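Visitor: Using the working numbering, the first residue of the sequence shown is number 9, and each one after it goes up by one.
Every residue gets a Cβ at the ideal spot worked out from N, C-alpha and C, and that includes glycine.
If you're wondering where the values come from, they're calculated on a predicted model, not measured in any experiment.
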Amino acid sequence: MPIPTIHGNTSLLALVRGVGFAFQPTGENLPRVDATASASNDSLTFASASPSLANGARVRVLPFAGQTLPAPLNEESTYFLRDFTATTCKLAATSGGAAINLTSNGGYFRLVRADTWSANGLPEGLEIDPATGLLSGAATLPGVYNVTLRARNASGQSADHLIVIGVEPNRYLQDASVEIDINLRDGRVRLAGPPVVNGATSSISAEPEPVLHVKSGDRIVLSIGFMKDETLVELPLEQIRFGLKEYEPERLHLLNDGTYTQIGEFEEARYQIVAGFTASALTSILSGYEGDVDTFFDAVAEIEFVTLYEQGGQILDLRRTTRSFLVRFHRDLIVPNA
């Protein structure tokens, strides 16, 4: 049999960080099944004589569809061949170890050379199945990776085969959340993205639009990012609270319970909270605002977050509140006494 040849992959394998992926290389003379055998006591009997194996070979065992392996064998472990002949062999858990006593299930299963496939340079989170060459997993770090694949059969090893795997950053899961950013230097809150530009003056607006536009009854997900030097940072958060402020008396009406879900990490970290603008929650807040004549009004809001900080062997809760920002309520669906 000629040595293996791995077919080329002409396109970049594009992955998204944290999303499951699988790729099966193809080629010629790729060894998949080195032997088929049945078990009795501690011996295996080959279905076809003289398979391309030898004493000391490291193998995996795989059942046929609908079949089970003889106990105590399993698909995840690797085994070593011993007492190898043209028609029989035994399995050991370690090289040169004692033969494993096997139960007979009356059927055949596959022996696959465990070092058939190998790969160098895989992204963290991906792995190669040494028996089949299947690349699978969920990559954890964005980047471009040059991966070298090799396949081996009884005649030798293939030439190194290069494939390129690109892992795209997955900043947050696809959803209908509203992304807002908090500047850690000055506490300002704004919609994620570039600042709002006033089209008439082509300058940054002195009075930006409200950060959120909502109506009574809305329940939305806010995806909050913390910015430092225009870069998202990851914080050891304990809780995030979002609420609207009353003018008289001055107090905060919370619209969430303080819990959050972190999406992404490092410079891609965001923290999602669920805010409920229910009619009952808004009744007392709306009563404190004047100018009830337009189809909307701007309420004052703020976000409070608590981070953990270690100092002198103690863990401290650091509490900070953002600058006030505007949430615009559109009145056409608001019933003041609901």
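Might you give, ordered along the chain, the residues of its own chain that have their beta carbon closer than 6 Å to the beta carbon of Glu275, omitting 5 neighbours on each side?
Guide: Thr239, Leu240
Visitor: Fully enclosed by the segment 21 to 67, which alpha helix (DSSP H) runs are 4 residues long or longer?
Guide: none
Visitor: Within its chain, find whatever has a CB closer than 6 Å to the CB of Leu243; leave out the 5 residues flanking it on each side and keep chain order.
Guide: Phe234, Thr315
Visitor: Just to confirm my understanding: we take Glu187, look at its own chain, exclude 5 residues before and 5 after, and list those with CB closer than 6 Å. What are they?
Guide: Ala200, Ser231
Visitor: On the premise that Ile311 lies in contact with Ile248, defined as a C-beta separation below 8 Å, what is that separation, rounded to the nearest angstrom?
Guide: 7 Å
Visitor: From what residue to what residue does the beta strand (DSSP E) around Lys223 run?
Guide: Lys223 -> no beta strand (DSSP E), and no H or E assigned at all.
Visitor: Let me confirm a value: Ser224 is counted as buried when at least 16 other C-beta atoms fall within 10 Å, else exposed. Which label applies?
Guide: buried
Visitor: Which residues bound the beta strand (DSSP E) around Glu242?
Guide: Careful: Glu242 lies outside any beta strand (DSSP E) and carries neither H nor E.
Visitor: Kindly give me the distance between the Cβ atoms of Val229 and Ala184, rounded to whole angstroms, as I take these residues to be in contact under 8 Å.
Guide: With a Cβ gap of about 7 Å, Val229 and Ala184 count as contacting.
Visitor: Considering only residues of the segment 128 to 188, which uninterrupted alpha helix (DSSP H) runs meet the minimum length of 4 residues and lie entirely inside it, listed in chain order?
Guide: none
Visitor: When we look at the beta-carbon of Gln280 and count the other beta-carbons within 10 Å, is it buried (16 or more) or exposed?
Guide: buried
Visitor: Check whether chain D comes within 8 Å of Ala283, counting only Cβ atoms and requiring the distance to be less than that.
Guide: In the displayed structure, chain D is absent; only one protein chain is listed.
Visitor: Kindly indicate the opening and closing residues of the beta strand (DSSP E) around Gly284.
Guide: 278 to 285
Visitor: Please work out which residues of its chain come closer than 8 Å, Cβ to Cβ, to Ser112, disregarding the five sequence neighbours upstream and downstream, and give them in chain order.
Guide: Ser46, Ala47, Ser48, Asn49, Pro78
Visitor: Exposed or buried, what is Leu119 when buried is set at 16 or more other beta-carbons lying within 10 Å of its beta-carbon?
Guide: buried
Visitor: CB Phe313 to CB His338, shorter than 8 Å?
Guide: No, Cβ-Cβ distance for Phe313 and His338 is not below 8 Å.
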